[in-house]
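**Q** If you scroll down you'll find the structure; I have some questions about it.
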Amino acid sequence: MRGVTELWSEHGAGVLRLPSGRLVRGRGLRHPMDPGAPRPSYGVYLLGRQPPEVPWEACWVRWPDFRLPSDRAGAREVLAAAWARAAGERVEIACGGGRGRTGTALACLAVLDGVPAEEAVAYVRRHYDRHAVETPWQRRYVRRFGEG
Numbered sequence: 001m002r003g004v005t006e007l008w009s010e011h012g013a014g015v016l017r018l019p020s021g022r023l024v025r026g027r028g029l030r031h032p033m034d035p036g037a038p039r040p041s042y043g044v045y046l047l048g049r050q051p052p053e054v055p056w057e058a059c060w061v062r063w064p065d066f067r068l069p070s071d072r073a074g075a076r077e078v079l080a081a082a083w084a085r086a087a088g089e090r091v092e093i094a095c096g097g098g099r100g101r102t103g104t105a106l107a108c109l110a111v112l113d114g115v116p117a118e119e120a121v122a123y124v125r126r127h128y129d130r131h132a133v134e135t136p137w138q139r140r141y142v143r144r145f146g147e148g
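The sequence shown begins at 1 in this note's numbering and counts up by one.
Here it is, written out as structure tokens:
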């Protein structure tokens, strides 16, 4: 772990509590971050083009809007690392709007955390955003993520 002593507040905007207790923040990059909100220590950005620079450690997964990751094996590695880091760091997952790609990635983190793959989309919709995971192929991606 990299030493962040303070994690997300469970009641913070966009924060998802996984069954293990890990907290991960989902966010839409098109919406400005509240200047008073805590900053992540690590961000995973799911975009079709390279994201803007941020003052914290970050990883970019090439993931066009309404689609799936361009490199699925690489995306799995990045998401597994983000899940592991969330045990002791403020991890942020974000795409343009914060619903489709972000929701899909959060559902994959839920699978890694022990939620059955066929229930992970419903879990994220219930605890993060009821519109998360926007397309049928994103839902299928989460189901298959559990096969891993």
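Note that CB positions come from ideal geometry on N, CA and C, so glycine has one too.
Between the C-alpha atoms of Glu-10 and Arg-17, what's the straight-line distance to the nearest angstrom?
**A** 7 Å
**Q** Assess, as a yes-or-no matter, whether the stretch 14-34 is touched by the stretch 89-96 under the definition of 3 or more beta carbon pairs within less than 8 Å.
**A** yes
**Q** When you compare the CB positions of Leu-46 and Thr-135, do they come within less than 8 Å of one another, or not?
**A** no
**Q** Counting only runs that start and end within the stretch 84-133, where is the beta strand (DSSP E) found for 3 or more residues in a row?
**A** Annotation: the stretch 84-133 contains the following complete segments of the beta strand (DSSP E) (minimum length 3 residues), in chain order: 91-95.
**Q** Kindly indicate which residue of Asp-71, Gly-97, Val-133 has the alpha-carbon position closest to the one of Met-33.
**A** Gly-97
**Q** Would you call the stretch 76-88 in contact with the stretch 119-129, where contact means no fewer than 3 C-beta pairs closer than 8 Å?
**A** no
**Q** Check Gly-48 in the structure and name its three-state DSSP category.
**A** DSSP places Gly-48 in coil when its eight states are reduced to three.
**Q** What is the DSSP secondary structure of Glu-77, counted as helix, strand or coil?
**A** helix
**Q** Can you check which of these residues, Ala-87, Arg-126, Leu-68, is closest to Asp-113 by C-alpha distance?
**A** Ala-87
**Q** Using only the alpha-carbon positions, how far apart do Leu-106 and Arg-62 sit?
**A** 16 Å
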